[in-house]
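J.:
Numbering (my numbering), first residue to last: 88 to 194.
(1) Grouping DSSP H, G and I as helix and E and B as strand, with all else coil, what is residue 197?
(2) Could you check whether residue 151 and residue 171 sit closer than 8 Å to each other, using their CB atoms as the reference points?
(3) Does residue 160 have its Cβ less than 8 Å from a Cβ in chain C?
(4) Which first and last residues belong to the alpha helix (DSSP H) in which residue 95 is found?
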């Protein structure tokens, strides 16, 4: 899931890669249509594995992907939205880290 979440976050910059960049950019933009669903899954998986590097990265990716949807959570939503907005400044970096951690998790 970290690879998928990372692709969604890096959809804008991954096109610069030679050979596969265009294909990966199209895949990232397609998956961006499912941003909320992917964000919920990432956040749940991140909370389940919060004591591992995979889990921490998944949680951060989930927070970034769900930033626009946090307003519906009473009380805690505005704080999560502020945190997600702040993390959004590091979206590409976190996306690249998520892809690398996801690939390392497959090995």
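Cβ atoms here follow ideal geometry from the backbone N, Cα and C, with glycine treated the same way.
T.: Once the coordinates are examined:
(1) Shown here, the chain extends from 88 to 194; a query on residue 197 therefore has no answer.
(2) Position 84 of the chain shown, counted from the start, is the residue given in the question as residue 171. Position 64 of the chain shown, counted from the start, is the residue given in the question as residue 151. Taking 8 Å as the Cβ cut-off, residue 171 and residue 151 qualify as a contacting pair.
(3) Although the question refers to chain C, the structure presented lacks it and comprises just one protein chain.
(4) In the chain shown, the residue the question calls residue 95 occupies position 8. Element bounds for residue 95: 89-96.
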